[in-house]
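Below you'll find the structure, written out as C-alpha cells, and then a few comments.
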Amino acid sequence: MEYIHNTEQFQFHNTVVALGKFDGMHKGHQLIFDELIQYKQLGYQAAVFSFDRPPLNMLKHKHMRVIYTTNEKIKLLARRGIDIYIEHPFTDEFSHLSPEDFVIKVLLEKTGMKVLVVGDDCGFGYKRQGNVELLERMSKEYDFKLIVIPKLELEGEIVSSTRIRHLLSEGKVEEANRLMEDPFMICGSVVHGNHMGAEVLQMPTANQIPLEDKLLPPNGVYVSRIHYKDETYYGISNVGVKPTIEGKKHMGVETYILDFHKNIYHKEIEVELLCFKRPEMKFDSLESLSQQMHEDAEFARRYAKEYYGYEA
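Residue numbers (numbering that gives the first Met the number 0): 0 to 311.
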C-alpha cells in the first residue's frame, strides 16, 4: 500500500476514494471499504483520503486522542486491500478551502477520483459546509459516481468512533470490540523496562510505550492477544504509568505472553486487548505481586481457551 503524508503534492488516476477520518476502523467503516474493494476488482485503485490530525484539534485547539495511530491505521488498511492511503496535512489554509474547491482541486484533480464513497453524515470543506446534497449535485456536474453508505446500527445504537472512544475510556473493551472490525490494538516496538518481570518474578514481560496521542483504556489488567510476525499468542497486559530507562514516566503497556520464550526487544508486536480483568493494585510484597500475576495469567489462559480455542 502506498502511503502519502507530509505533502500536498501527489497525483493518481482512476481511483475509487473513501473520504473520512476512519479513527475507529469500525464495522460501519468496513461497509465503505467493502465498496472500495468491489471497485478495485473492476480495475480502479482503492484510495482512502483522510487527514494527519483530527480537525477539531486544530480548529478548536483541543487535544483529542486517537483510537488508532497512523502506523496502526496503515496496517489495518493494508490488510483490507487498500492501495493508497492519503493523510493530507490539515493546515489553516486547507481548513479554509471551500467544499467545491476541495472536490475539484483535491479529489478530482489530485486523486483522479472516478468514484467517491462516503458516509451519509459526511462533512467537509470550510466549516464542514460540504455534505451529501452538495456531492450529489457535483457528481452530476463533474461526472463522478457517488455512493452513500448509511449509518450502521448495532444493539440499538449507531456504530461510531465517538461511541467506541467512550466505551474504551470506561474500560469496556469487550463492548468496544463488538463494534470494531478488529479488537482494539496497541502496535509498537518492545522496549526495555525495569526487568522485574524476568529477573525477580520469573515472568518476563514485553513493554511498549504508545505515542502520547494514542487513546488508552483506564489503568488496569486486560486479557490480550498478541501478534508477532506471523504467529498469534495470548497473554495478560497491564496498562499504566511506566518508568523508562531515561527515568521519565509514560503511559505504557506491559504484556506477559503465555508460553513464549523469544527475545523480542526492539521488535514490533501488536497487542489486542480482549477483556478487562481487574484495576491496578498496590502490593505489600513481591510475593503477593507474583501470586496475583500468576493468577492473572491463568485467567488469561482459561479465557483464551474458552473463547478462542487456545491450546499451549
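Just so it is clear, CB atoms sit at the ideal spot from N, CA and C, and this is done for glycine as well.
- Apart from sequence neighbours up to five positions away, the residues of its chain that approach Ser97 with a beta-carbon distance below 7 Å are Gly124, Tyr125, ordered along the chain.
- Its chain contains Ile185, Gly187, Leu215, Met250, Val252 as the residues whose beta carbon lies nearer than 7 Å to that of Pro209, once the 5 sequence neighbours on both sides are disregarded; these appear in chain order.
- Residues of the same chain with a CB within less than 8 Å of the CB of Thr68, apart from the 5 flanking positions on each side, are Cys186, Pro209, Leu210, Asp212, Lys213 in chain order.
- In this structure, Ile235 lies near Ala296, with their beta-carbon atoms less than 7 Å apart.
- Beta-carbon to beta-carbon, Asn218 and Gly192 are separated by about 16 Å, too far to satisfy the 8 Å threshold.
- In the displayed model, Tyr67 falls within coil according to three-state DSSP, outside both helix and strand.
- Taking Gln40 as reference, the option from Ile256, Gln29, Thr14 with the minimal CA-CA separation is Thr14.
- The beta carbon of Leu145 lies closer than 7 Å to those of Leu115, Leu134, Glu135, Ser138 in the same chain, with the five residues before and after it left out.
- Between Asp33 and the set Thr90, Ile148, Gly23, Phe101, the nearest pair of CA atoms involves Ile148.
- For Arg78, there are no CB contacts under 8 Å within the same chain when 5 residues up- and downstream are skipped.
- In the displayed model, Asn262 falls within coil according to three-state DSSP, outside both helix and strand.
- Counting C-beta atoms within 10 angstroms of its own C-beta, Lys281 has fewer than 16 neighbours from the protein chains shown and is therefore classed as exposed.
- Nearest Cα to Gln207 within the set Asn237, Gly111, Leu178: Asn237.
- Here DSSP, grouped into helix, strand and coil, assigns Ser97 to coil.
- Rounded to whole angstroms, the separation of the alpha carbons of Glu174 and Lys72 is 21 Å.
- Between Lys109 and Gln10 the beta-carbon gap is near 6 Å, inside 8 Å, which marks them as a contact.
- At the C-beta level, Val222 and Cys274 come within 7 Å of one another.
- For Lys150, the closest C-alpha among the options Arg52, Leu30, Lys113 is that of Leu30.
- For Ala17, the beta-bridge partners assigned by DSSP are Val47, Val116.
- With respect to the C-alpha of Tyr309, the residue from Leu285, Tyr232, Leu106 having the closest C-alpha is Tyr232.
- If you draw a straight line from the Cα of Ala311 to the Cα of His293, it comes to about 16 Å.
- With a 10 Å radius around the Cβ and a threshold of 16 neighbouring Cβ atoms, Tyr307 comes out exposed.
- Here DSSP, grouped into helix, strand and coil, assigns His25 to strand.
- Taking a contact as a CB-CB distance under 8 Å, the pair Val158 and Lys26 counts as one, their CB atoms being some 6 Å apart.
- Separation of Val65 and Asp22 (C-alpha to C-alpha, rounded to the nearest whole angstrom) is 7 Å.
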